[in-house]
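As given, the protein sequences belong to chains A and B, one line each in that order. Quick note: the first sequence uses our numbering, first residue 1, plus one each step. Quick note: the second sequence uses our numbering, first residue 1, plus one each step.
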Amino acid sequence: MAANTMTAKGALVGGLWTEVPVLRLILGMCPTLAVTAAVKPALTMGLSVLFVLICSNIVVSLMRDLLKPHLRILMFTLTIATFVTIADLFLRAFTPQMSEVLGPYVPLIIVNCIIIARAESCASKNGIFVSAVDAISMGIGFTIVLCILASIRELLATGTIFDIPIMWKSFVPWAAMRLPVGAFITLGLMLGFVNLLTAKKS
Amino acid sequence: MDKFYILLMAFISIVVVNNLVFTKFLGICPYLGVSGRIDMAFGMGMAVTFVITLAGSLTWLIDHMVLVPLHLEITRYVCYILVIAGAVQLVEMYLRKFFPPLYESFGIFLPLITTNCAILGLCLFLNVWGIDNFAEAAVLSFGAGIGFTLAICIMAGIREQLNFSDVPECLRGAPITLITAGLLTLAFMGFAGMIK
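What follows is the structure, given as structure tokens:
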């Protein structure tokens, strides 16, 4: 990201592989750890982040020439807060149960570093098309990582995925995976695995 | 006496039993980012404690005095963010004037306190938990800051030692920090039964 302008193709590859938010940039850890006890909330969270990311990236990209340097973080957070309120009300109206499970982590999307980082490093410097592509690929990358982490945890903690039993009968659920411990250690090992993969390639 | 007891229990509960970092996963980014050296970790903890106390008490007041009576709950998130951003700005000006070296060493992490989820998270929890008196809200906010400082200092202490240990190549840096944090949460779970 040395150059100020990016191409749409670069943005696409960046979000999906070379700069996957959680694994490569170590951003957006709080929701990643908190909502991945099961796949369903993880997917809902990923899609909400995707929605907020796309909307805020487009708006920030539209108003990038008006931004004053010292006020930009405030403008970013206010823009994001508006869209998060929309997403929160939407979830509460259509999937009240899921909204309860996610609890305060939906409003916490406001302070998700991924969204602010994208507004800062991409949308405030690029045109609307590139920003939108970047938001989509980053959001999808985030959702995929969330779902992988959640599948591992849900599978080991309850033997199910999407509440469908998958493991064999004598499988003993590993309750620790539901707890914070499971989240931290699984994510740590995932990061280590990705490091291993990239180290071999280079 | 009873009242004092309740406040004390609330304080202990938020510092160790319901520690925001270990049980609610809040404030993980600075927790991983600034916990390399113990002096910086402590400075960060103090800055967060100040902002969280201010923001927690102020948002509780705003919520109960303005937003709920006027039925403006929908603007909650926007209001909270404004209050937090203002408090961070205060800390930033204060540090730049009186502790320039500390200010330099924080760098980008200082304005990023605005986007520290522990702070917004606590402001939201004050409403979810339905705290209905101001003293409790203030004590809880202060305790949350102390809890964060405790967590980040323990982590910094461990990481200073980790520098000298033989960690597998692919786990260096963030991965081993996360795994250590996992083990720390396990330790902190031991406090869970302490207060009902």
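A virtual CB, placed ideally from N, CA and C, is assigned to each residue, including glycine. Note that this is a predicted model, so its numbers are computed, not measured.
Alpha-carbon to alpha-carbon, residue j and residue i
i: aspartate 88 (chain A); j: asparagine 163 (chain B); result: 42 Å
i: phenylalanine 125 (chain B); j: leucine 26 (chain B); result: 11 Å
i: serine 170 (chain A); j: threonine 186 (chain A); result: 23 Å
i: arginine 73 (chain B); j: leucine 67 (chain B); result: Here residue 73 (chain B) turns out to be glutamate, not arginine, going by the sequence shown. Cα to Cα, the separation comes out at about 6 Å.
i: asparagine 54 (chain A); j: glycine 127 (chain A); result: It should be pointed out that residue 54 (chain A) corresponds to isoleucine in this sequence rather than to asparagine. Approximately 13 Å between the Cα atoms of the pair.
i: valine 60 (chain A); j: phenylalanine 99 (chain B); result: 34 Å
i: proline 175 (chain B); j: phenylalanine 4 (chain B); result: 42 Å
i: alanine 98 (chain A); j: leucine 91 (chain A); result: In the sequence on display, residue 98 (chain A) carries methionine and not alanine. Using only the alpha carbons, I get a separation of about 7 Å.
i: alanine 2 (chain A); j: alanine 11 (chain A); result: Only weak support exists for where alanine 2 (chain A) lies, its pLDDT of 39 falling under 50; the value from the coordinates is given anyway. Looking at the two C-alpha atoms, the distance is approximately 13 Å.
i: proline 96 (chain A); j: serine 105 (chain B); result: 44 Å
i: proline 168 (chain B); j: isoleucine 158 (chain B); result: 17 Å
i: glycine 159 (chain A); j: isoleucine 140 (chain A); result: 26 Å
i: threonine 75 (chain B); j: isoleucine 86 (chain A); result: 11 Å
i: serine 57 (chain B); j: valine 51 (chain B); result: 10 Å
i: phenylalanine 188 (chain B); j: glycine 147 (chain B); result: 12 Å
i: alanine 81 (chain A); j: leucine 140 (chain B); result: 24 Å
i: glycine 188 (chain A); j: proline 173 (chain A); result: 21 Å
i: threonine 114 (chain B); j: methionine 167 (chain A); result: 44 Å
i: alanine 135 (chain B); j: alanine 55 (chain B); result: 14 Å
i: glycine 143 (chain B); j: threonine 53 (chain B); result: 8 Å
i: leucine 233 (chain A); j: glutamine 89 (chain B); result: With chain A running from 1 to 202 in the structure shown, residue 233 (chain A) is simply not present.
i: proline 111 (chain B); j: tryptophan 60 (chain B); result: 23 Å
i: proline 69 (chain B); j: glycine 145 (chain B); result: 29 Å
Beta-bridge partners of residue i, as assigned by DSSP
i: threonine 160 (chain A); result: A:Pro165
DSSP state of residue i mapped onto helix, strand, coil
i: lysine 3 (chain B); result: helix
i: methionine 9 (chain B); result: helix
i: threonine 36 (chain A); result: coil
i: arginine 72 (chain A); result: helix
i: glycine 27 (chain B); result: coil
i: phenylalanine 99 (chain B); result: coil
i: lysine 9 (chain A); result: helix
i: arginine 92 (chain A); result: helix
i: tryptophan 129 (chain B); result: coil
i: alanine 3 (chain A); result: Reliability fails at alanine 3 (chain A), whose pLDDT of 44 lies under 50, so the model's placement of it is uncertain and the value that follows must be treated cautiously. Coil.
i: histidine 64 (chain B); result: helix
i: serine 124 (chain A); result: coil
i: aspartate 134 (chain A); result: helix
i: serine 35 (chain B); result: coil
i: alanine 192 (chain B); result: coil
i: phenylalanine 51 (chain A); result: helix
i: arginine 159 (chain B); result: helix
i: phenylalanine 171 (chain A); result: coil
i: glycine 28 (chain A); result: coil
i: leucine 54 (chain B); result: helix
i: glycine 173 (chain B); result: coil
i: asparagine 19 (chain B); result: coil
Identity of the residue in the options nearest residue i by Cα
i: alanine 151 (chain B); options: B:Asp2, B:Pro30, B:Tyr5, B:Met9; result: B:Pro30
i: serine 124 (chain A); options: A:Ile152, A:Val39, A:Asp65; result: A:Asp65
i: methionine 45 (chain A); options: A:Ile86, A:Leu67, A:Leu102, A:Ile58; result: A:Leu102
i: cysteine 123 (chain B); options: B:Phe11, B:Val167, B:Ala138; result: B:Ala138
i: glutamate 92 (chain B); options: B:Asn133, B:Val48, B:Cys117, B:Gly130; result: B:Val48
i: threonine 79 (chain A); options: A:Ala93, A:His70, A:Ile58, A:Lys68; result: A:Ile58
i: glycine 182 (chain A); options: A:Ser151, A:Val194, A:Pro104; result: A:Ser151
i: valine 21 (chain B); options: B:Gln161, B:Cys170, B:Trp60, B:Gly121; result: B:Gly121
i: threonine 7 (chain A); options: A:Phe193, A:Phe129, A:Lys40; result: A:Phe129
i: isoleucine 73 (chain A); options: B:Leu82, B:Tyr103, B:Ala10; result: B:Leu82
Buried or exposed (CB count within 10 angstroms, at least 16 for buried), residue i
i: proline 31 (chain A); result: buried
i: methionine 44 (chain B); result: buried
i: glycine 193 (chain B); result: exposed
i: serine 35 (chain B); result: buried
i: alanine 119 (chain A); result: buried
i: proline 107 (chain A); result: buried
i: aspartate 63 (chain B); result: buried
i: valine 13 (chain A); result: exposed
i: threonine 219 (chain B); result: Nothing can be reported for residue 219 (chain B), as the shown portion of chain B is limited to 1 through 196.
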